[in-house]
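Colleague: Chains as they are written, first to last, in numbering that gives the first Met the number 0: chain E, 0 to 424; chain C, 0 to 462. Think of the CB as a built atom: it goes at the ideal place given N, C-alpha and C, for glycine as much as any other residue. These figures come from a predicted structure and were not determined experimentally.
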Amino acid sequence: MQIRGDKTAREKSRNRFGLLIAAAVTVTFVLACANANAGEYTGVGPLNKIKGPPPLLGGAVKFRVDKSNVETHKDKLTAGLYKQIKEWDRVINVYDTVRDYKPPVEYQEATEKYKGSARINKKGGLENYTAGLPFPDPKTGIEAMYNYEYKYNGDDFSFTDTDFFIYSTTGKSRLLKGGYNRFAYQGRLFLDPKPTLQTSDNVELKEVQWLTYPEDVAGLALLTVRYQDPDKGDDGWMYIPSIRRVRRISVAQRGDSFGGTDLTWDDYRGFSGKVSDYTWKIIDKKELIAQYHAVTWKMRHKNRVPFSEDVRYELRPVIVVEGVNKLKDYVYSKRIIYLDADSWYISAEDLYDRRGTLWKYLEIPWSFDPRNHNMFAYGYCMYDLIGKRSTIISIREKQDGPLQVLNTGLKVDDFSPSVIQTWGR
Amino acid sequence: MRRKGNPVFATFVTRIIAVLFLSFWAGESLAYTLLDGNFELKGFIRNITSVRTEEPNGGLGGDQFKKYDVGLTRTSLQVEGSYAINPDFRAYGRWRGSYDGTFDLKDSQTFPQAVEDENKVENEFRELYVDLRKGPLFLRLGKQQIVWGESDGLRLADIINPLDLRAHYLLESWEDIRIGLPAIRSIYTVNPKLDLELVWVPVSFEPTKWAGQGMYWEIPGLGTGGVPEEEISTSLRNGSVGGKVRTIIGSGLEVSVYDYYHRDEMPHFKLGPTGLSLAHPYMNSIGGTFNTNVELLKTIFRGEAVYNIGEGQLDFTKPDFISKKNTIALMLGADRPTYLPINSESSLLSFQVFYKKVLNTDETTRTFGDPNNTVPEMTVLTGYFNTSYPHMIPNGTLTPSLFVAYDVVGAWWVQPKVSVKYGDNWTVGLAYNGFAGKNNTRGFFNPVNDRDEVYVDLKYSFQ
Numbered sequence: 000m001q002i003r004g005d006k007t008a009r010e011k012s013r014n015r016f017g018l019l020i021a022a023a024v025t026v027t028f029v030l031a032c033a034n035a036n037a038g039e040y041t042g043v044g045p046l047n048k049i050k051g052p053p054p055l056l057g058g059a060v061k062f063r064v065d066k067s068n069v070e071t072h073k074d075k076l077t078a079g080l081y082k083q084i085k086e087w088d089r090v091i092n093v094y095d096t097v098r099d100y101k102p103p104v105e106y107q108e109a110t111e112k113y114k115g116s117a118r119i120n121k122k123g124g125l126e127n128y129t130a131g132l133p134f135p136d137p138k139t140g141i142e143a144m145y146n147y148e149y150k151y152n153g154d155d156f157s158f159t160d161t162d163f164f165i166y167s168t169t170g171k172s173r174l175l176k177g178g179y180n181r182f183a184y185q186g187r188l189f190l191d192p193k194p195t196l197q198t199s200d201n202v203e204l205k206e207v208q209w210l211t212y213p214e215d216v217a218g219l220a221l222l223t224v225r226y227q228d229p230d231k232g233d234d235g236w237m238y239i240p241s242i243r244r245v246r247r248i249s250v251a252q253r254g255d256s257f258g259g260t261d262l263t264w265d266d267y268r269g270f271s272g273k274v275s276d277y278t279w280k281i282i283d284k285k286e287l288i289a290q291y292h293a294v295t296w297k298m299r300h301k302n303r304v305p306f307s308e309d310v311r312y313e314l315r316p317v318i319v320v321e322g323v324n325k326l327k328d329y330v331y332s333k334r335i336i337y338l339d340a341d342s343w344y345i346s347a348e349d350l351y352d353r354r355g356t357l358w359k360y361l362e363i364p365w366s367f368d369p370r371n372h373n374m375f376a377y378g379y380c381m382y383d384l385i386g387k388r389s390t391i392i393s394i395r396e397k398q399d400g401p402l403q404v405l406n407t408g409l410k411v412d413d414f415s416p417s418v419i420q421t422w423g424r
Numbered sequence: 000m001r002r003k004g005n006p007v008f009a010t011f012v013t014r015i016i017a018v019l020f021l022s023f024w025a026g027e028s029l030a031y032t033l034l035d036g037n038f039e040l041k042g043f044i045r046n047i048t049s050v051r052t053e054e055p056n057g058g059l060g061g062d063q064f065k066k067y068d069v070g071l072t073r074t075s076l077q078v079e080g081s082y083a084i085n086p087d088f089r090a091y092g093r094w095r096g097s098y099d100g101t102f103d104l105k106d107s108q109t110f111p112q113a114v115e116d117e118n119k120v121e122n123e124f125r126e127l128y129v130d131l132r133k134g135p136l137f138l139r140l141g142k143q144q145i146v147w148g149e150s151d152g153l154r155l156a157d158i159i160n161p162l163d164l165r166a167h168y169l170l171e172s173w174e175d176i177r178i179g180l181p182a183i184r185s186i187y188t189v190n191p192k193l194d195l196e197l198v199w200v201p202v203s204f205e206p207t208k209w210a211g212q213g214m215y216w217e218i219p220g221l222g223t224g225g226v227p228e229e230e231i232s233t234s235l236r237n238g239s240v241g242g243k244v245r246t247i248i249g250s251g252l253e254v255s256v257y258d259y260y261h262r263d264e265m266p267h268f269k270l271g272p273t274g275l276s277l278a279h280p281y282m283n284s285i286g287g288t289f290n291t292n293v294e295l296l297k298t299i300f301r302g303e304a305v306y307n308i309g310e311g312q313l314d315f316t317k318p319d320f321i322s323k324k325n326t327i328a329l330m331l332g333a334d335r336p337t338y339l340p341i342n343s344e345s346s347l348l349s350f351q352v353f354y355k356k357v358l359n360t361d362e363t364t365r366t367f368g369d370p371n372n373t374v375p376e377m378t379v380l381t382g383y384f385n386t387s388y389p390h391m392i393p394n395g396t397l398t399p400s401l402f403v404a405y406d407v408v409g410a411w412w413v414q415p416k417v418s419v420k421y422g423d424n425w426t427v428g429l430a431y432n433g434f435a436g437k438n439n440t441r442g443f444f445n446p447v448n449d450r451d452e453v454y455v456d457l458k459y460s461f462q
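1. Would you check if the distance between the CB atom of Gly269 of chain E and the CB atom of Leu350 of chain E is smaller than 9 Å?
2. Taking the alpha carbon of Leu409 of chain E as the reference point, which residue from C:Leu195, C:Leu397, C:Pro191, C:Ser185 has its own alpha carbon closest?
3. Would a check of beta-carbon distances place Phe156 of chain E closer than 9 Å to chain C?
4. Below 8 Å on the Cβ atoms is my guess for Val274 of chain E versus Tyr145 of chain E; work out the distance and round it to an integer in Å.
5. On a Cα-Cα basis, can you pick out the residue from E:Thr71, E:Tyr149, E:Lys138 that is closest to Tyr128 of chain E?
6. Pick out whichever of E:Asp200, E:Arg63, E:Ser167, E:Val310 has its Cα sitting closest to the Cα of Arg303 of chain E.
7. Give me the chain E residues within the contact set of Gly42 of chain C, using Cβ-Cβ distance strictly less than 9 Å, ordered along the chain.
8. Figure out for me which residue from C:Val374, C:Asp369, C:Phe353, C:Tyr354 has the closest Cα to the Cα of Asp361 of chain C.
9. Kindly list, in the order they appear in chain C, the residues whose Cβ is closer than 7 Å to that of Val411 of chain E.
10. Tell me where the beta strand (DSSP E) around Trp422 of chain E begins and ends.
11. Using the three-state DSSP reduction, which class does Ala23 of chain E fall into: helix, strand or coil?
12. According to DSSP, what are the bridge partners of Tyr337 of chain E?
13. Along the stretch 407-419 of chain C, where does the CB come closer than 8 Å to a CB of chain E? Name the residues.
14. At what residues does the beta strand (DSSP E) containing Asp99 of chain C begin and finish?
15. For His300 of chain E and Val244 of chain C, what's the separation of their Cα atoms in angstroms?
16. Using the C-alpha atoms, what's the distance from Ile84 of chain C back to Trp87 of chain E?
17. Using a C-beta to C-beta distance shorter than 7 Å, which residues of chain E count as neighbours of His390 of chain C?
18. With a CB to CB cut of under 8 Å and the five nearest residues on each side skipped, what residues in its chain are close to Thr211 of chain E?
19. Could you tell me which residues DSSP pairs with Lys437 of chain C in its beta bridges?
20. What in chain C is Cβ-close to Ala220 of chain E, meaning under 9 Å?
21. Could you pull the DSSP bridge partners for Glu148 of chain E from this structure?
22. Alpha carbons only, please: which of E:Gly51, E:Arg63, E:Asn406 is nearest the one belonging to Tyr312 of chain E?
23. Figure out for me which residue from C:Ile247, C:Thr273, C:Met282, C:Gly251 has the closest Cα to the Cα of Tyr260 of chain C.
24. Cβ of Gln252 of chain E less than 9 Å from any chain B Cβ?
25. Can you name the residues of chain C whose CB is closer than 8 Å to the CB of Thr195 of chain E?
26. Is the Cβ of Leu174 of chain E closer than 9 Å to any Cβ of chain C?
27. Using the beta-carbon of each residue, which ones in chain C are nearer than 8 Å to Gly378 of chain E?
28. What does a CB cutoff of less than 6 Å around Arg132 of chain C pick up in its chain, not counting 5 residues either side in sequence?
29. How would you label Thr390 of chain E, buried or exposed, when you count the other beta carbons within 10 angstroms and need 16 or more for buried?
30. Give the residues from the stretch 300-313 of chain E that approach chain C closer than 7 Å (Cβ to any Cβ), ordered along the chain.
31. From the DSSP output, in three-state form, read off Leu169 of chain C for me.
32. Please report whether the beta-carbon of Lys122 of chain E lies at a distance below 9 Å from any beta-carbon of chain C.
33. How big is the Cα-Cα spacing for Val104 of chain E and Phe461 of chain C?
34. Buried or exposed: which applies to Lys66 of chain E, given that a residue is buried once 16 or more other Cβ atoms fall within 10 Å of its Cβ?
35. Which residues does DSSP pair with Asn92 of chain E in a beta bridge?
36. Between which two residues does the alpha helix (DSSP H) carrying Ile84 of chain E extend?
Shown next, in the form of C-alpha cells:
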C-alpha cells in the first residue's frame, strides 16, 4: 500500500533530480560558450585589423570665410553653408586640397571588368550590376546616385559608439547614442559569397540601426531590408523595448525624425533612402568648399556648431544632384546632394521643406583611411536653418578598437526580426 | 484616522532622496558604466498620481474613493543593470521598489491589513536572466518577460506572462505590469527568414493579480480579501511549455504558428471540498500571427488567430462550477502612418478588431466573467492616434495620443494623453481614462465603468 507521504517525497525527489540535471546542462553549456568566445573578436575579413582612427592631416589654413567675405566665395558654398555663415556667424577654415582617395584594387578591377554592363531600367531600378562602380562616367542624376549607393563601402560595414548631440534653439543639448550595421548582398569582393548573395526576393542590402541611450529608447533597433526591385519598397521591422516585441513599420515613416534629432531615417549617413523612390537630375559639376580630412578626432562643439579650428574644409570637385521624392507628402520637397567626385560619398546636402524653402543643411567631415580604404566620417552635422537648432554626431573615441569597420564577417542571419529582438531586454 | 509613518516608508524615502541627489550631482549625462563599458546601470524614478473624476455609482468596487479622491499615488525606483561578459554572454537584471502612498491617505479601516501588506511596498527583481548565444542558437535563462503576438491593448498570443492589475488596472505600459516568470527561452535562427522558438516555464505558475479588497481598482471577489486562489505548488507538473515557428514568405508576409500548453492566468470560480476558490485550469492554445506591408495602401496589416482547447467557463450546474469549452479568438489590425498638415512628422492611425467566441455553449454556460451572461461572443474595436512634435518645446518632444476601445455590448474606454520628453532625463505625462458601460462584470470595461480618472506621470531617467 502506498503511503501518501512517501509518494510526495518521491515526487519531490524527482523534481529535485530534474532541476539538478537542468542546472548541470546549463552550467556545461555556459562554460562551453564562455570558452569558445574567450579572447578578442576579430571577425574573418582581411581588412579588419585596424585600430583607431586614420592619421590626421596637418597643414596650414589657406584662407577663412566669414560674414565679411562670404559673398566673394558664394559660388563655392552650398546654399545652406552660405546662409549659416551669414546668419549664424560661422567661420570656416579652408586648407589645401588633398585628393588622396583610392578604393581597393579589387574594387578598381571590378569597375573595369564590369564597365558598361549596369543599366537603369524604366522603373529606375539598377539592372545587370555585379560589382565595382556601376557608372564610371555618369550621364544622369540617377546614375550618379547609384554610384553613391554602390561606392566602395565594404561587403559589410559597422560602427558603434556614436553620440548624437541634439542642440535646441537655446543652445542646450541632449544626447542620443547608437550604432549601425550594414550587410551588402551585391558587389561583394572580399567575403564569400562573391560577388552576390543571391536570394529569391533579390535583396540589395540589409541594415540595422540601434540606440543605446537614453534609458527610454535604449534597445530600440530598426531592421531595414532593401530590394533591387524598384517597385518593391523597403521592409522595416522595429524592436521597441517598451512593448517587448518587434513591430512591422512602413517605409512611409522614413521621413520621420530619427530619435528626435534633426535627421530623418532617410538622412542617416547622408542619404539612406531608396534611389528609385526619387527622381534625380544632375544640375551642376563644380568645385565646392566642403569638409574633408581631419585636424582633430575630438571635434568640439558648442551652441549648435563645431569649433572652427576643429574642422577642415577643402576645395573639392563635386557633382550636384537634385532629388525629388515620388511621395507627394514626403517631408522634403527636394534634396540637393553634393557628391564627392573622387569617392562618391556625400560631402554636403541642402534640404528643402514642402513649401520649397531651404530648411536644413547637412555636412559630413570625411577622411580617407588608406589602411582599409574606408571613408571615415568623424561626425555628421545637420543644421535646421529655420528652427535654428542642430544635431551634431560624433564618433566616440575608443583606444583599443576600430571605430568604423569594414569586412568583419557580419552574419546575414543577424539581420532578422527575431535577432534584433534578442539584443534588447 | 491616518496611519502613522513607519520605518519602511522613511527608509524608502531616504533612498529616493539619495538617488535624486546622486542623479543631479553627477551632472547632465549620468552614465554608470564600468569594466570598460561592459557593465551598464540605468533606471528611473517615477511617480504616478491619479484622481477620480466621477462619483461611484455603486456595486462593483472602488466605492471608498469618492470624486476627487486620490486613487493612486505611487513612487517607484527602477534600476536595471546589464553585464556583457563577452559578445555572446550577457547578464541582465531589473529591480523595482515602489511605495504606494494611497494607503496613507485613506482611513485605516479601508483596507484589510493583508491588502496593505501586499500592495503598499514593492521590492522585487522583475527580471533576472542570462543571455547566451552559440551560432544560430539563442538562450535566455531566468526570470523574464516573453511576448508573442501582434496586438495592442488586448491580448491573444501574449499569453505567457500574467499581468499585475492591482495598482492601476491595465492602464500602464505592459512592460511595467507584466509579471516576469522563471523560464527558458530558446530561439534557433535557421536563416534570416525562419526561426524556431521553444519556451518552457518549468515550475512556476502565477495568475493575473487583481486589486485587493478596498483598493480603487477592486473587482469584487478577486484579489486579496476576495475568493482565495487555489493553491498550485511549485512543481514541474505545473509548468507551461510551448513552441513557435516564424517565417517570412516571399518578400514580405511574415507569419508564425504556435502552440502553448499552459494554465489559464484568468480566474475561474471553482467549488471544491473546502469551498469556493479561484482556479486556473490547463488549456492548450494553438494559434498564428501574420503581418505584411501593403504598399499600395501604405498600410501595415497584422493579425492573430487562436484556438483555445479547454478554456474554463462558468457553469453553476457543474459539480465544480467549471465547464471546459473550446474558444476561438481573432484580431485584425491596420497601421497607417500618414503626414497630416499639423506637423512634419508622420502621424500614426491604427485600428484593430478583436473577436472571441466560446464554442458549443450550453444553456447553462456563463461567459466572459459575467455570471448572468450567456452570449458566447465578444467583439471589441480599438482605434489609436499618435503624433509627435520633436522641437515644439526647446530641448523637448511633445507627443499627444488618443486611444479608444469599444466593446459592442455598449462599454468603452477612452484615453487621451499628452507627454513631454524634456532633455535627456525628464518625462511628464498627463492623461485621462474614461470608461462607460453597465454595472456588470462582463469584459474589461463594464466593471470599471464609473472609475474615470485623470493622472500625472512624472519620470526622471538616469543612465
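Modeller: The relevant details are as follows:
1. 9 Å or more divides the Cβ of Gly269 of chain E from the Cβ of Leu350 of chain E.
2. Comparing alpha-carbon positions, the option among C:Leu195, C:Leu397, C:Pro191, C:Ser185 lying closest to Leu409 of chain E turns out to be C:Pro191.
3. No, no contact with chain C.
4. Yes, Val274 of chain E and Tyr145 of chain E are in contact; Cβ-Cβ is about 6 Å, under 8 Å.
5. Selected option, being the one with the closest Cα: E:Tyr149.
6. Here the closest residue by C-alpha is E:Ser167.
7. Within chain E, the residues near Gly42 of chain C are Glu214.
8. It is C:Val374 whose Cα lies nearest to the Cα of Asp361 of chain C.
9. Simply Pro191.
10. Element bounds for Trp422 of chain E: not the beta strand (DSSP E) but the alpha helix (DSSP H), 416-422.
11. With a pLDDT of only 44 at Ala23 of chain E, under the threshold of 50, the placement of this residue in the model should not be trusted, and no figure is reported.
12. Here Tyr337 of chain E is bridged, per DSSP, to E:Val319, E:Ala347.
13. Within the stretch 407-419 of chain C, no residue has a Cβ that lies closer than 8 Å to any Cβ of chain E.
14. 88-99 is the extent of the beta strand (DSSP E) around Asp99 of chain C.
15. Roughly 49 Å between the two C-alpha positions.
16. So the alpha carbons of these two residues sit roughly 47 Å apart.
17. For His390 of chain C, the neighbours in chain E by C-beta distance under 7 Å run, in chain order, Gly386, Arg388.
18. Cβ within range, chain order: Lys176, Gly177, Gly178, Ala217, Gly218.
19. Assignment of beta-bridge partners to Lys437 of chain C by DSSP yields no partner.
20. Residues of chain C passing the Cβ test: none, with the nearest at roughly 15 Å.
21. Answer is none; Glu148 of chain E lacks a bridge partner.
22. Looking at the Cα atoms, E:Arg63 is the closest of the given residues.
23. The shortest Cα separation from Tyr260 of chain C among C:Ile247, C:Thr273, C:Met282, C:Gly251 belongs to C:Met282.
24. Among the chains of the structure shown, chain B does not appear; the protein chains present are E and C.
25. Against chain C, a Cβ distance below 8 Å from Thr195 of chain E picks out nothing, because the smallest value is about 16 Å.
26. Chain C contact via Cβ: present.
27. Simply none; closest approach about 18 Å.
28. Take Arg132 of chain C, set aside five residues on each side of it, and the residues of its chain with a beta-carbon closer than 6 Å to its own are Asp87, in chain order.
29. Looking at its Cβ environment, which holds 16 or more other Cβ atoms inside 10 Å, Thr390 of chain E is buried.
30. Residues passing the 7 Å Cβ filter: none.
31. DSSP places Leu169 of chain C in the coil class of the three-state scheme, outside both helix and strand.
32. By this cut-off, Lys122 of chain E is not an interface position.
33. Approximately 48 Å between the Cα atoms of the pair.
34. Burial call: exposed.
35. Beta-bridge partners of Asn92 of chain E (DSSP): E:Arg63.
36. Taken as a continuous stretch (DSSP letters only), the alpha helix (DSSP H) holding Ile84 of chain E covers 78-86.
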